[in-house]
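Numbering (UniProt numbering), first residue to last: 1 to 175. In this text, a Cβ means the ideal position worked out from N, Cα and C, and glycines have one as well. Every value quoted in this text rests on a predicted model; they were computed, and no experiment measured them. This report concerns only the one structure given below.
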Ligand SMILES: CC(C)(COP(=O)(O)OP(=O)(O)OC[C@H]1O[C@@H](n2cnc3c(N)ncnc32)[C@H](O)[C@@H]1OP(=O)(O)O)[C@@H](O)C(=O)NCCC(=O)NCCS
């Protein structure tokens with residue numbers, strides 16, 4: 001468990017969260033921003049959980065209610081990098097939860113694991129998420145053009161990343 005502040009807690013994901021994850025990931029606005037197919041089934045989630053290794057994966061609690069999920073996946077210790085992902089369900093958006101949870105988990109990752117780079121993939125039209133990532137300090141590394149076919153169109157995917165050195169400079173008080 002990681003305490004973000006008085007209201008926000010990150011708890012390691014478990015089997016018990018399956019229903020919450022399936023319901024959330026099949027919400028239109030979340031599945032449209034994700035790279036997986038629709039619908040997303042509980043057996044797919046269970047398979048992912050059972051095979052999960054090299055991952056930090058948490059349900060985000062806001063005032064003891066499940067409000068979203070955050071993770072650093074594909075952790076690659078050889079190249080010292082990992083992939084960050086997040087969603088917050090509609091009801092809890094705009095409260096600063098994503099920003100605060102992300103800041104805490106990125107801090108945790110850079111200070112506890114031998115990780116030098118955290119990267120992410122986002123659809124180029126997901127402006128809300130891109131603003132969040134820029135606010136956290138992520139910088140654009142490149143674009144994969146027409147990478148994913150979703151909702152009747154080929155969509156561009158932006159890759160963004162942040163390095164430990166920059167994070168530590170910009171967040172001196174946190175690490
Ligand atoms: C993107 C998402 C995680 C933001 O969560 P959130 O808890 O509402 O975000 P926060 O309240 O912490 O906001 C942090 C920053 O994000 C950006 N942001 C959040 N909502 C925004 C909006 N409606 N419009 C523009 N920017 C927005 C802003 O930069 C904001 O900082 P500010 O409040 O100082 O302007 C959430 O909208 C979400 O889960 N969307 C659907 C799933 C998704 O897109 N996941 C990412 C897939 S790559």
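Checklist line | Ordered list of beta strand (DSSP E) runs contained in the stretch 76-139, each at least 3 residues | finding: 81-88 and 117-123
Item checked: Distance, residue 7 Cα to residue 101 Cα -> 11 Å
Check: Does DSSP classify residue 67 as helix, strand or coil?
Finding: strand
Check: When you compare each of 51, 52 and 19 to residue 40 by their alpha carbons, which one comes out closest?
Finding: 19
Next item on the list: Look up residue 13 in the DSSP assignment and say whether it is helix, strand or coil.
Entry: coil
Item checked: Reduced DSSP secondary structure (H/G/I, E/B, other) of residue 55 -> Three-state DSSP puts residue 55 in coil, outside helix and strand.
Check: Cα separation between residue 62 and residue 97?
Finding: Going by C-alpha positions, residue 62 is about 8 Å away from residue 97.
Checklist line | For residue 158, the nearest candidate out of 170, 164, 139 and 166 (CA to CA) | finding: 139
Check: Taking the DSSP output, what are the residues bridged to residue 160?
Finding: 120 and 140
Note to self: Our contact map puts residue 68 next to residue 55 with C-beta atoms below 8 Å; I'd like the distance itself, whole angstroms only.
What the structure shows: Wrong, their Cβ atoms sit about 16 Å apart, outside the cutoff.
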